[in-house]
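In the numbering used here, the protein residues as written are 359 to 699.
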């Protein structure tokens, strides 16, 4: 299991937007990290807020590191805005800039013009390099990290609320389990739900219906079948998942999480804790607790660890091309369901 990373302090996107609304606009922003959906959201909102639509053709310049002309960027940044209070320069994918660009860009970063706002984005910057060290020191910097799995249902509820609707907690959990933790993909499914579902709040049944219509069989259904040791059903689902083109590595990752919950559920259930305390420790919604506990009772501790080993073996085989995804997943299902209870 991955080590939980500490969150770094710093302004949140909401705090940055609040400051901009108050007129507290920085000359330099630095948005970095692998969570590109929230990063792009903030970037687009700043563009809409800082530059009126009619002024954008004259005062908005967007560059990508892959095809950038540094002297042109500097020239545009030093140009006074036309029929607007400020000019906006966006430089995307700065982590792909050649090292030779740093000496040219540093003076602009160290002393940006007061009438220009520069927004620089990067996905995997090397913090040891001078360019990114200076950006962290001089810019309003925000790191966009992918949320932890147990934060996703709450993010779904908050995101749906910002869009003017409500979603039931069990519906948010099902959406997470069915789609995964990629916020951009989740947003796409939420948009489909808004179109297909008039009900408010959006229910679990609404989510199940839309997912069934648009994505077919889900990995969540496979996890449920394996957790109930239903080998025949699991083999059918594996065949259909492979036909749909489901990425096998993503399937393995979700199953690792699912059986990790079952291992903890089996251990915690013997402590005679209240239901809410068990759900809290497992980091699962209380309304799904019985399903996890029922599945955990079908395995002894050795069988659960055997399932864990089988998942690691399957992951290694996928990475080393040790068979087709269908063969690897089918063998995995057999090992999990036929292990001695």
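Ideal Cβ positions, reconstructed from N, Cα and C, are used throughout, including at glycine. No experiment lies behind these values; they were computed from the predicted model shown.
* To do: Would you mind reading off the limits of the beta strand (DSSP E) that contains residue 389?
  => The residue given as residue 389 occupies position 31 in the chain shown. Unbroken beta strand (DSSP E) run through residue 389: 386-390.
* Asked: Thinking C-alpha only, which one of 524, 579 and 385 is nearest residue 535?
  -> As a working mapping, residue 535 is identified with position 177 in the chain shown. Checked all of 524, 579 and 385; the closest Cα to residue 535 is 579.
* Give the DSSP-derived three-state secondary structure of residue 460 in the structure shown. => The residue labelled residue 460 in the question sits at position 102 within the chain shown. In this structure, residue 460 counts as helix in the three-state DSSP scheme.
* Which term fits residue 450, buried or exposed, when burial requires 16 or more other beta carbons within 10 angstroms of its beta carbon? -> As a first step, residue 450 must be located in the chain shown, where it is residue number 92. By the 10 Å Cβ count, residue 450 comes out buried.
* Asked: Just the Cα atoms here: how many angstroms apart are residue 699 and residue 647?
  -> Looking up residue 699 in the chain shown gives position 341. Looking up residue 647 in the chain shown gives position 289. Residue placement at residue 699 is poorly supported in this model, since its pLDDT is 47, which falls under 50; the coordinates are not used for a value here.
* Quick one, which of 473, 431 and 479 has its alpha-carbon nearest residue 393's? -> The count along the chain shown starts at 1 and reaches residue 393 at position 35. Put simply, of 473, 431 and 479 the residue whose alpha carbon is nearest the alpha carbon of residue 393 is 479.
* Which residues in the same chain as residue 378 place their Cβ atom closer than 6 Å to its Cβ, once the five residues preceding and following it in sequence are excluded? -> For the purposes of this step, residue 378 is identified with residue 20 of the chain shown, where counting begins at 1. Answer for residue 378: 407, listed in chain order.
* Does DSSP put residue 340 in a helix, a strand or coil? -> Shown here, the chain extends from 359 to 699; a query on residue 340 therefore has no answer.
* Name the two residues that bound the continuous alpha helix (DSSP H) containing residue 636. => For the purposes of this step, residue 636 is taken as the residue at position 278 of the chain shown. Residues 633-640.
* Asked: Is it true that the CB of residue 623 sits closer than 8 Å to the CB of residue 633?
  -> One-based indexing of the chain shown puts residue 633 at position 275. One-based indexing of the chain shown puts residue 623 at position 265. Their beta carbons are not under 8 Å apart, which means residue 633 does not touch residue 623 by this criterion.
* Asked: From what residue to what residue does the alpha helix (DSSP H) around residue 394 run?
  -> Taking the first residue of the chain shown as 1, we reach residue 394 at position 36. Run containing residue 394: 394-408, per the alpha helix (DSSP H) assignment.
* In the DSSP assignment, find the unbroken alpha helix (DSSP H) run with residue 655 in it and report its ends. => Counting from 1 along the chain shown, the entry for residue 655 is found at position 297. Here residue 655 belongs to no alpha helix (DSSP H), and DSSP marks it neither H nor E.
* Asked: Which residues mark the beginning and the end of the alpha helix (DSSP H) in which residue 607 is found?
  -> Along the chain shown, read from residue 1 onward, the residue named residue 607 stands at position 249. Annotation for residue 607: the continuous alpha helix (DSSP H) segment containing it runs 606-627.
* To do: Use the C-beta contact count for residue 515: other C-beta atoms within 10 angstroms, 16 or more gives buried, fewer gives exposed.
  => Residue mapping note: residue 515 aligns to position 157 of the chain shown, counting from 1. Buried is the call here.
* Identify which residue in 686, 625, 662 and 369 has its Cα closest to the Cα of residue 502. => Residue 502 sits at position 144 when you count from the first residue of the chain shown. Nearest to residue 502 by alpha-carbon distance, out of 686, 625, 662 and 369, is 369.
* Since residue 445 sits in a beta bridge, which residues does DSSP pair it with? -> On the chain shown, position 87 is the one that residue 445 refers to. DSSP lists 474 as the bridge partner or partners of residue 445.
* Hey, out of 668, 413 and 696, whose CA is closest to residue 686's CA? -> Start at 1 with the first residue of the chain shown, and residue 686 comes out as number 328. It is 668.
* To do: Whole angstroms is fine: what's the gap from residue 401's alpha carbon to residue 435's?
  => For the purposes of this step, residue 401 is taken as the residue at position 43 of the chain shown. For the purposes of this step, residue 435 is taken as the residue at position 77 of the chain shown. Whole-angstrom Cα-Cα distance: 18 Å.
* **Where the alpha helix (DSSP H) through residue 499 begins and ends** => Sequence index remark: in the chain shown, residue 499 carries index 141 (1-based). Here residue 499 belongs to no alpha helix (DSSP H); instead the beta strand (DSSP E) covers 498-501.
* Could you give the DSSP three-state label for residue 427: helix, strand or coil? => Against the chain shown, residue 427 aligns to sequence position 69. Three-state DSSP puts residue 427 in coil, outside helix and strand.
* Asked: Helix, strand or coil for residue 367 per DSSP?
  -> Counted from its first residue, the chain shown places residue 367 at position 9. Low confidence applies to residue 367: its pLDDT is 47, below 50, so where it sits in the model is not reliable enough to give any reading.
* To which residues of the same chain is residue 637 closer than 6 Å at the C-beta, ignoring the five residues directly before and after it? -> By 1-based counting over the chain shown, the position of residue 637 is 279. Counting only Cβ-Cβ distances below 6 Å, and skipping sequence neighbours, we find 644 and 647.
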